Ligand code: BG6
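Residue numbers (our numbering): 4 to 271.
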């Protein structure tokens, strides 16, 4: 079992694992959770939790083939810097990961990575990368959010109409036409995204507003891939959609010495 922080205030509750600074539960008071969490995720040291919001950093997917898929942050132990009760409805939790002998062996740069999580009637996550080295480095990254849905056939993603995307399954560059509906495996990197995205479910609509990012990944593994996925029931593809706040592919970031880049997602 891994250590986690529990937040409970007048407007919401959340649970955040120190491993990976991984938010694995968020719900507004009296409402069902917004984040999906696999019932069969084992919460083991060194293994990413399946569900919630894994942090993919300093490389998204296999953008850097020298690193593990989605980088090493999601399995690294973060330090709990502070929990601040800003008011009865708002709690802020700050976690950091600094370079170490282990990270330098994987990725040869000195850095500080901070995740500031604000739990209120919105869930806000701000992931800040500071370059502590004397050379510029390149990152690709994502707040890889798993959203809980009533059923895949009831859910659609709005707000990406006319956006160009890379279909990661076929490597084709295509353009979105209308809402995204799910009738097969979907693994797409949308580009040039600057406005709000909506996940419309049977009885609620979740809004996602991103900053410091122009790429958004939309992913559902569907039947066959779901069977091959770790820590996921065979039928779990019915229960979640990932909408990932990203800096992926052409939306990579170069972080110069002493500079900070912040990727922000606001969910409500
Ligand atoms: C998504 C990718 O971001 O993450 C998918 O687009 C991938 O291709 C998924 O399968 C889950 O990755 P992982 O490493 O957590 O199993």
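Ideal Cβ positions, reconstructed from N, Cα and C, are used throughout, including at glycine. Keep in mind the model is a prediction, meaning the values are calculated, not measured.
Can you name, in chain order, every residue of its own chain whose Cβ lies under 7 Å from the Cβ of residue i, other than the five neighbours on each side?
i, result
"residue 48", "5 and 22"
"residue 165", "178 and 179"
"residue 176", "167 and 169"
"residue 198", "162"
"residue 226", "240"
"residue 101", "115"
"residue 212", "199 and 269"
"residue 246", "148, 150, 160, 200, 202, 211, 219 and 221"
"residue 271", "124, 125 and 210"
"residue 229", "235, 237, 239 and 240"
"residue 171", "190, 191 and 192"
Between the C-alpha atoms of residue i and residue j, what's the straight-line distance to the nearest angstrom?
i, j, result
"residue 269", "residue 130", "12 Å"
"residue 99", "residue 53", "21 Å"
"residue 127", "residue 120", "6 Å"
"residue 251", "residue 217", "9 Å"
"residue 20", "residue 50", "12 Å"
"residue 149", "residue 111", "30 Å"
"residue 56", "residue 241", "18 Å"
"residue 214", "residue 46", "30 Å"
"residue 266", "residue 116", "11 Å"
"residue 291", "residue 181", "The question about residue 291 has no answer here: the residues shown for the chain are numbered 4 through 271."
"residue 79", "residue 25", "10 Å"
"residue 36", "residue 134", "35 Å"
"residue 224", "residue 43", "17 Å"
"residue 154", "residue 95", "32 Å"
"residue 8", "residue 205", "31 Å"
"residue 14", "residue 69", "42 Å"
"residue 61", "residue 76", "7 Å"
"residue 85", "residue 91", "17 Å"
"residue 67", "residue 39", "27 Å"
"residue 97", "residue 156", "37 Å"
"residue 83", "residue 235", "28 Å"
"residue 125", "residue 32", "11 Å"
"residue 238", "residue 139", "44 Å"
"residue 34", "residue 192", "30 Å"
"residue 89", "residue 81", "22 Å"
"residue 109", "residue 71", "9 Å"
"residue 190", "residue 104", "34 Å"
"residue 335", "residue 253", "For the chain, the structure presents residues 4 to 271; residue 335 sits outside this window and is missing."
"residue 233", "residue 64", "16 Å"
Would residue i and residue j be called neighbours here (beta carbons separated by less than 8 Å)?
i, j, result
"residue 188", "residue 167", "no"
"residue 132", "residue 248", "no"
"residue 158", "residue 185", "yes"
"residue 243", "residue 183", "no"
"residue 12", "residue 93", "yes"
"residue 30", "residue 41", "no"
Among the residues of its own chain, which have a CB less than 6 Å from the CB of residue i, if the five just before and after it don't count?
i, result
"residue 59", "73, 74, 144, 145 and 147"
"residue 201", "161, 162, 208 and 210"
"residue 141", "255 and 257"
"residue 137", "260"
"residue 18", "7, 9, 27 and 28"
"residue 106", "none"
"residue 118", "24, 98 and 130"
"residue 122", "10, 15, 17 and 94"
"residue 87", "95"
Spell out whether any CB of chain B is found under 8 Å from the CB atom of residue i.
i, result
"residue 109", "Checking the listed chains, one finds no chain B in this structure; it contains a single protein chain."
Next item on the list: Output the residue ranges of the beta strand (DSSP E) runs that lie fully inside the stretch 148 to 172 and measure 3 residues or longer, sorted by chain position.
Entry: Taking 3 residues as the shortest admissible run, the stretch 148 to 172 contains the following complete beta strand (DSSP E) segments, listed from N- to C-terminal end: 159 to 161 and 167 to 170.
Checklist line | Entirely enclosed alpha helix (DSSP H) segments - the stretch 25 to 83, minimum 4 residues | finding: Taking only runs of at least 4 residues, no alpha helix (DSSP H) segment lies wholly in the stretch 25 to 83.
Item checked: beta strand (DSSP E) runs contained entirely in the stretch 84 to 113, provided each spans 3 or more residues -> Segments of the beta strand (DSSP E) lying fully in the stretch 84 to 113: 93 to 101.
Notebook entry, point to check: Going along the chain, which unbroken runs of the alpha helix (DSSP H) with 4 or more residues stay wholly within the stretch 202 to 259?
Noted result: Taking only runs of at least 4 residues, the alpha helix (DSSP H) segments lying wholly in the stretch 202 to 259 are 225 to 231.
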